[in-house]
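Engineer: Got a structure here, written out as structure tokens. Questions coming.
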Amino acid sequence: VQLVESGGGLVQAGGSLRLSCAASGSTFSIDAMGWYRQAPGKQRELVATITTGGGKTNYADSAKGRFTISRDNAKNTMYLQMNSLKPEDTAVYYCNAKRIGVSIYDYWGQGTQVTVSS
34 VQLVESGGGL
44 VQAGGSLRLS
54 CAASGSTFSI
64 DAMGWYRQAP
74 GKQRELVATI
84 TTGGGKTNYA
94 DSAKGRFTIS
104 RDNAKNTMYL
114 QMNSLKPEDT
124 AVYYCNAKRI
134 GVSIYDYWGQ
144 GTQVTVSS
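Per this note's numbering, residue 34 is the first one in the sequence shown, and the count goes up by one each step.
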């Protein structure tokens with residue numbers, strides 16, 4: 034599975050961005066996808082996840098009410114709509130896909146930079 038993110042950039046506080054993650058390869062094996070982010074000097078953290086079957090979503094507290102994760106299965110693409118952005122949202126955002134079996138196997142994209150200016 035290959036994951037390619039796009040849509041990052043520089044935006045002022047209060048603005049919006051939409052990230053996209055295009056999946057290719059053995060996409061039939063993906064059970065869930067999500068967005069993670071990593072700010073300088075910090076650990077990578079969960080932003081939001083979505084299952085590929087029922088579309089069940091889960092959000093970090095920092096994302097609730099501002100971010101929306103969605104998926105277009107026909108296009109094998111996942112999105113993250115980010116509204117009311119804050120400077121603390123500045124980070125590299127990574128797309129993740131999980132294959133869940135006896136163990137969990139993670140696939141990662143290369144990341145896309147999101148910078149929110151105050």
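In this text, a Cβ means the ideal position worked out from N, Cα and C, and glycines have one as well.
Would you call the stretch 110-124 and the stretch 133-143 in contact, with 3 or more CB pairs under 8 Å?
Structural biologist: By the Cβ criterion, the stretch 110-124 is not in contact with the stretch 133-143, since fewer than three pairs of Cβ atoms, one from each stretch, lie closer than 8 Å.
Engineer: Alpha carbon to alpha carbon, how far is Leu79 from Pro73? Give it in angstroms, no decimals.
Structural biologist: Straight across, the Cα-Cα distance linking Pro73 with Leu79 is about 15 Å.
Engineer: Mind listing, in chain order, the continuous beta strand (DSSP E) runs of no fewer than 3 residues lying wholly within the stretch 37-62?
Structural biologist: 42-45 and 50-57
Engineer: Which one of Thr101, Thr60 and Ala81 has the shortest CA to CA distance from Ala51?
Structural biologist: Reading the sequence as shown, one finds Arg at residue 51 and not Ala. Closest by alpha carbon: Thr101.
Engineer: With DSSP as the reference, please indicate the residues paired to Ala124 in a beta bridge.
Structural biologist: Val147
Engineer: Can you tell me which residues form a DSSP beta bridge with Asn129?
Structural biologist: Gly67 and Trp141
Engineer: Mind the definition here: the stretch 102-121 touches the stretch 35-46 only if three or more C-beta pairs lie below 8 Å; say whether that holds.
Structural biologist: yes
Engineer: Would Thr154 and Ala107 be called neighbours here (beta carbons separated by less than 9 Å)?
Structural biologist: Only positions 34 to 151 of the chain appear in the structure, and residue 154 is not among them; the question remains open.
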